[in-house]
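Q:
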Amino acid sequence: MRSSAARALEAINDVTTLGLRSVRTSWAGLRTFTPAGEPVADWDADIEGLFWLVGQGGYGIQMAPQLARNAAQLIVTGSA
Numbered sequence: 000m001r002s003s004a005a006r007a008l009e010a011i012n013d014v015t016t017l018g019l020r021s022v023r024t025s026w027a028g029l030r031t032f033t034p035a036g037e038p039v040a041d042w043d044a045d046i047e048g049l050f051w052l053v054g055q056g057g058y059g060i061q062m063a064p065q066l067a068r069n070a071a072q073l074i075v076t077g078s079a
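Just so you know, the sequence shown maps onto residues 0 to 79 in numbering that gives the first Met the number 0.
(1) Please give me, in chain order, every unbroken run of the beta strand (DSSP E) with length at least 3 that falls completely inside the region 47–74.
(2) What's the C-alpha gap between residue 72 and residue 16?
(3) By the three-class DSSP mapping on this structure, what secondary structure does residue 41 have?
(4) Whose C-beta lies closer than 8 Å to the C-beta of residue 69 among residues of the same chain, with five residues either side of it excluded?
(5) In angstroms with no decimal places, state the Cα-to-Cα distance between residue 18 and residue 74.
(6) Over what stretch of residues does the alpha helix (DSSP H) that includes residue 14 continue unbroken?
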């Protein structure tokens with residue numbers, strides 16, 4: 000099985016003329032989890048002005064667009 004970095008290099012090379020051969024450094028990101036295992040997009044109950052958008056676990060890339068829309072709506076209008 001090829002690594003996701005190898006697949007990404009192949010995909011980039013398929014649509015560009017960059018000719019990439021290796022990744023110097025990679026970073027997968029943080030995987031945060033809440034005790035309930037569900038993401039949190041809400042205002043902090045104790046700290047005024049702090050909005051939490053956390054707990055996406057290993058699904059952040061998949062859920063980020065919709066979760067961000069919901070969070071923005073909650074911040075702007077007060078309801079999602």
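Just so you know, even glycine gets a beta-carbon here, dropped at the ideal spot from N, CA and C.
A: Based on what the coordinates show:
(1) Whole beta strand (DSSP E) segments, 3+ residues: 50–53.
(2) The straight-line gap separating the alpha-carbon atoms of residue 72 and residue 16 is approximately 40 Å.
(3) Residue 41 falls in the strand class under three-state DSSP.
(4) For residue 69, where only same-chain residues beyond five positions count, the Cβ hits under 8 Å are 40, 79.
(5) Straight-line spacing of the CA atoms in residue 18 and residue 74 works out to 43 Å.
(6) Segment 3–14, the alpha helix (DSSP H) holding residue 14.
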